[in-house]
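The structure appears right after this line, and notes come after that.
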Amino acid sequence: MTYSVDRERLNYILGSNKDIKDYKDEILRIIPELIICVDCEQNIPAHIYNVFDHILETVNRVDSDLILKVTALLHDIGKPYKKIVINNVDSFKGHEEVSEIIANLILARLGYEEDFINKVCKLIKYHDYQILPTVEGVKESINLVGDELISYLFCFQKADLLAHSEQRYKPLLPKLSQAKEIYESLCGRSS
Numbered sequence: 006m007t008y009s010v011d012r013e014r015l016n017y018i019l020g021s022n023k024d025i026k027d028y029k030d031e032i033l034r035i036i037p038e039l040i041i042c043v044d045c046e047q048n049i050p051a052h053i054y055n056v057f058d059h060i061l062e063t064v065n066r067v068d069s070d071l072i073l074k075v076t077a078l079l080h081d082i083g084k085p086y087k088k089i090v091i092n093n094v095d096s097f098k099g100h101e102e103v104s105e106i107i108a109n110l111i112l113a114r115l116g117y118e119e120d121f122i123n124k125v126c127k128l129i130k131y132h133d134y135q136i137l138p139t140v141e142g143v144k145e146s147i148n149l150v151g152d153e154l155i156s157y158l159f160c161f162q163k164a165d166l167l168a169h170s171e172q173r174y175k176p177l178l179p180k181l182s183q184a185k186e187i188y189e190s191l192c193g194r195s196s
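If you want my numbering, it's the 1-based position in the sequence shown plus 5.
Next comes the structure, spelled out in structure tokens:
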């Protein structure tokens with residue numbers, strides 16, 4: 006079936022660790038739902054790229070784990086549907102839920118396994134959730150996404166932040182690192 010061929014090709018592209026921008030046209034062929042993101046500007050101080058370029062930048066920055074790569078590719082796909090402008094500044098409130106729904110449909114169409122889809126969609130749903138750098142904040146985050154996905158969420162959020170403007174990531178990266186250190190100490194791990 007064509008969709009399984011597309012899934013295999015997408016997995017190859019995402020696993021190649023080459024610049025995802027080199028595969029832009031092929032990605033848009035496999036996932037045409039991303040086309041609307043190409044011209045969706047983000048006029049907001051936190052962003053320096055349009056939605057599609059931010060997505061590609063995030064894909065390039067995550068570790069080469071397929072769950073992380075697919076999460077990065079689809080995490081903001083719902084932004085164009087939630088965009089509103091308030092005082093000349095764009096807002097995308099609630100895009101996480103829309104992105105989760107669209108991602109679920111795309112991944113099912115491409116024939117990914119249900120467990121994989123559930124993991125990616127949960128990460129998408131909580132990708133903007135701020136993990137507070139306190140024991141309570143980290144425990145709350147673990148309860149939200151689960152033990153299995155919390156490490157993925159830390160990795161994803163770091164990559165996503167670095168694909169934002171310096172104004173956005175500079176104050177938040179240290180907090181994310183602190184939260185990760187707390188998580189690792191709770192688990193008896195070290196960086």
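Cβ coordinates follow ideal geometry from the N, Cα and C atoms, glycine included.
What you are looking at is a predicted structure, and each value in this text was computed from that prediction instead of being measured.
| Query | Result |
| --- | --- |
| Rounded Cβ spacing between Leu39 and Phe57 (contact assumed at less than 8 Å) | 6 Å |
| Pick from Gln172, His100 and Ser182 that is closest to His52, judged by C-alpha positions | Gln172 |
| Residues that Ser96 bridges to, as DSSP identifies them | Ile89 |
| Whole alpha helix (DSSP H) elements within the stretch 112 to 192, 4-residue minimum | 119 to 130, 140 to 150, 152 to 167 and 171 to 192 |
| Own chain residues within Cβ distance below 7 Å of Lys88, not counting five before or after | Cys45, Asp95 and Phe97 |
| Backbone CA spacing between Val103 and Gly151 [nearest angstrom] | 21 Å |
| Short Cβ contact (8 Å threshold) for Leu73 with Cys192 | no |
| Nearest-angstrom Cβ-Cβ length linking Leu115 and Leu15, presumed shorter than 8 Å | 7 Å |
| Alpha carbon of Ser196 to alpha carbon of Glu101, nearest angstrom | With a pLDDT of 49 at Ser196, under the threshold of 50, the modelled position of this residue cannot be trusted; read the value that follows with caution. Roughly 29 Å separates the two Cα atoms. |
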